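Residue numbers (our numbering): 7 to 188.
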């Protein structure tokens, strides 16, 4: 894998994006261990969490330069995952991570991006990235752990499958990851 490519991407992130990437990677890593993923899958989860939003760097550049004026900003924002997946796909050794990222914004009810796939069609590792990123965004927005967990449960079978929410919350508590936001 090309460490220079990854470092280049991480160096371009703003503070919020970098913090979100680091937090999501840690949450993904802990969850991967908790659900007994093999070491390769745990590493892939870490890289997926770290590089999840790298596509926003491309979008921000396109918006600023008005390269793609026919695509509204909110539409670009929805499609960032395609850019993230494409960027990561070009880094040697991260093809599986790119596949995870490609599905990381899908919702179990089919309302996600980019392909509106449902339930079991979504890769399990992509579901882990989805819930970790969602939780982290809530916490970074100042929502308490308890309220973030409540919101996760409210999204049960819309965004996340019910069977992943409780193990995720237990994993966060067991690893004291909820305290990192205080």
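Beta carbons: idealized from backbone N, C-alpha and C, even for Gly.
These numbers come from a predicted model, not from an experiment.
Under the three-state DSSP convention, the category residue i falls into
{"i": "residue 162", "result": "strand"}
{"i": "residue 188", "result": "coil"}
{"i": "residue 45", "result": "helix"}
{"i": "residue 2", "result": "Limits of the chain in this structure are 7 at one end and 188 at the other, which puts residue 2 out of reach."}
{"i": "residue 114", "result": "coil"}
{"i": "residue 70", "result": "With a pLDDT of 42 at residue 70, under the threshold of 50, the predicted position of this residue should be treated as unreliable, and no value is reported."}
{"i": "residue 167", "result": "coil"}
{"i": "residue 27", "result": "helix"}
{"i": "residue 150", "result": "coil"}
{"i": "residue 173", "result": "helix"}
{"i": "residue 21", "result": "helix"}
{"i": "residue 59", "result": "coil"}
{"i": "residue 65", "result": "helix"}
{"i": "residue 142", "result": "helix"}
{"i": "residue 137", "result": "helix"}
{"i": "residue 128", "result": "coil"}
Member of the options whose CA lies at the smallest distance from the CA of residue i
{"i": "residue 56", "options": "176, 17, 39, 153", "result": "17"}
{"i": "residue 141", "options": "9, 60, 159, 53", "result": "159"}
{"i": "residue 64", "options": "45, 117, 87, 48", "result": "87"}
{"i": "residue 112", "options": "61, 136, 183, 11", "result": "136"}
{"i": "residue 27", "options": "147, 132, 60, 150", "result": "60"}
{"i": "residue 10", "options": "92, 36, 96", "result": "96"}
{"i": "residue 120", "options": "105, 131, 134, 130", "result": "105"}
{"i": "residue 169", "options": "183, 103, 125, 39", "result": "125"}
{"i": "residue 100", "options": "144, 134, 53", "result": "53"}
{"i": "residue 154", "options": "115, 171, 163", "result": "171"}
{"i": "residue 103", "options": "129, 122, 85", "result": "129"}
{"i": "residue 152", "options": "185, 117, 123", "result": "185"}
Range of the contiguous alpha helix (DSSP H) that encloses residue i
{"i": "residue 121", "result": "Looking at the DSSP string, residue 121 is not in any alpha helix (DSSP H), and its letter there is neither H nor E."}
{"i": "residue 105", "result": "101 to 108"}
{"i": "residue 93", "result": "86 to 95"}
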